[in-house]
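Before any comments, here is the structure.
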Amino acid sequence: MRIENNIVIDKVSKDLIILRYNDTTTRYFEALWEIPEGVTYNAYLLTDDDTTVLFDTWKKNLENEFLNALNSIIDISDLDYVVIHHMESDHSGSIRALYEKNPRITFIGHPMTNKLIRSLYGINPKFKAIRDGETLSTKNYQLMFIHVPWLHWPETMFTYIPQIRALLTCDVFGAYTIPKSVFIEKLDDEYISSMRKYFANIIGFYRNNVTKNLDKVLTMTRDNIDMIAPAHGAVIKGNIVKRSIGLYREFALKTPINRKIVIAYSSMYGFIDNIMSHVTHVLNDWGFNTSVYRFTDKERASIGDLIGDVNNVLGIILGVSTYDTEPFPLMDFVINLLIKKLRGGKPILLITDYGWGDVIPRHIRARLEKAGFTVIDTISVNGTPTKEDLNKIDTAIQNFKQIITQ
Ligand code: FEO
């Protein structure tokens, strides 16, 4: 393995090489998701006799780094094919630079990909549109391309290399974080959380396409996969491959794990904070695992972590302050993302607080229910909760417990 200036180059099999960039400077992935843990961009290069095939590249603005890394392995003028699994610019960012260095390259992708090559990069290279299941043979390898539409863009595809039982999956099975090594030895809780966060942030909206695409991939590969090589995070190999595929199904289906409850709230002056401390204590006493995300004058939770964490919970408790006659803006944003990325299917207890006008609960409840969430109760408090409010809250938590554990 070579590591230099955030660049990792290593063999993942005899003829397949990973070119990985450890991105420690991007603070907001997709200009949206907080990633203090960093992220990697993984491209792969297959060199077989006199044929070279590159799978994906790195993020736009890393073109020079990418060309230098690639040049340290092969002469770019010898590169024959570039397979584009997905056109988002964290993977396609160097294709224009490659084309300018070597206009002989044949770019391979889903039939829809060519249009986006022109519109994103203003080039019109040699392009081979690939049908679902179509193959490309080199001397010792037969690459099979599998369309996996809407994971997470319409043109997304995988490559399966049967000779090494490797599946190259781009975003799918990817994770945030910068793993210490190229391969991951075991799927510990920390790595699973990174995979879940990436899934929920990036693929969550398209979760209904996961199961049918995975079923199709397993049929087309005859379930003969020893290695999953994603474009973010670690390469998954050996007996954790099956576990990863199982995990992905759990992510897509939002299967509850570990008696987990997410509590997310805004509290401008501490009123909701006090209520939520009580709620959290009660739930912890009952043996639930709570993760608390606060938006206060001292704390601003990571929304990326929240959306990841909420993916496999038993239920959600939201606390929302009233602000300019509407939900507190950061909680409004969180609610929008819950609707988009989680797409309903979880029980929610909603607690709101107001000063002059009790105007937000009905509206929030309607939005959540329309998106497919079950709003178990809505408790509205005017400033400091009265004894009656506290009784209502205790009853609501009891109801919540009953529903999430039935
Ligand atoms: Fe990692 Fe959809 O790009």
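The sequence shown begins at 209 in the working numbering and counts up by one. Beta carbons are placed, not taken as given, at the ideal position from N, Cα and C, and that holds for glycine.
Report the three-state DSSP secondary structure of residue i (helix, strand or coil).
i           : result
residue 282 : coil
residue 611 : helix
residue 295 : coil
residue 527 : strand
residue 560 : strand
residue 355 : strand
residue 380 : coil
residue 342 : coil
residue 467 : coil
residue 254 : strand
residue 508 : strand
residue 588 : strand
residue 247 : strand
residue 391 : strand
residue 473 : strand
residue 363 : coil
residue 406 : helix
residue 567 : coil
residue 220 : coil
residue 320 : coil
residue 443 : strand
residue 579 : coil
residue 549 : helix
residue 238 : coil
residue 535 : strand
residue 368 : strand
residue 210 : strand
Closest to residue i by C-alpha separation, out of the options, would be which residue?
i           : options            : result
residue 433 : 458, 478, 487, 377 : 377
residue 502 : 525, 474, 513, 518 : 474
residue 459 : 404, 437, 388, 435 : 404
residue 281 : 293, 300, 260, 311 : 260
residue 598 : 496, 529, 485      : 485
residue 211 : 602, 388, 347, 238 : 388
residue 271 : 492, 221, 293, 302 : 302
residue 461 : 413, 425, 338      : 413
residue 508 : 542, 401, 216, 483 : 542
residue 551 : 423, 411, 532, 427 : 411
residue 316 : 538, 468, 366, 219 : 366
residue 464 : 213, 533, 490, 554 : 554
residue 325 : 478, 292, 383      : 292
residue 239 : 213, 223, 221, 267 : 267
Excluding the 5 residues preceding and the 5 following residue i in the sequence, name in chain order all residues of the same chain whose CB lies nearer than 8 Å to its CB.
i           : result
residue 556 : 523, 524, 525, 526, 576, 581, 582, 583, 584
residue 494 : 609
residue 481 : 473, 475, 502, 504
residue 536 : 474, 476, 503, 528, 529, 530
residue 242 : 235, 236, 510, 511, 512, 513
Considering only heavy atoms of the ligand FEO, does any lie closer than 7 Å to the CB of residue i?
i           : result
residue 410 : yes
residue 481 : no
residue 585 : no
residue 379 : yes
residue 264 : no
residue 296 : yes
residue 439 : yes
residue 355 : no
residue 299 : yes
residue 293 : no
residue 486 : no
residue 360 : yes
Output needed for residue i: all residues of its chain with C-beta closer than 6 Å, excluding positions within five of it in sequence on either side, in chain order.
i           : result
residue 408 : 515, 516, 519, 549
residue 334 : 314
residue 344 : 351
residue 569 : 560, 586, 588
Compare the C-beta of residue i against all C-beta atoms of chain B and say whether one is closer than 8 Å.
i           : result
residue 520 : Absent from the structure: chain B. Only one protein chain is present.
Excluding five sequence neighbours on each side, which residues of the same chain lie with their C-beta closer than 7 Å to the C-beta of residue i?
i           : result
residue 600 : 587
residue 361 : 294, 295, 296
Counting beta carbon pairs with one atom in the stretch 218-234 and one in the stretch 246-255, are three or more of them shorter than 8 Å?
Enough Cβ pairs lie closer than 8 Å, so yes.
Per the contact definition of three or more C-beta pairs closer than 8 Å, is the stretch 415-430 in contact with the stretch 315-332?
Too few Cβ pairs lie closer than 8 Å, so no.
Contact between the stretch 314-325 and the stretch 267-277 (3+ Cβ pairs under 8 Å)
Taking 8 Å as the limit for Cβ pairs, the verdict is that the stretch 267-277 does not touch the stretch 314-325.
Looking at C-beta atoms only, is the number of pairs between the stretch 437-454 and the stretch 380-394 that lie closer than 8 Å three or more?
Because the criterion of three Cβ pairs below 8 Å is met, the stretch 437-454 and the stretch 380-394 touch.
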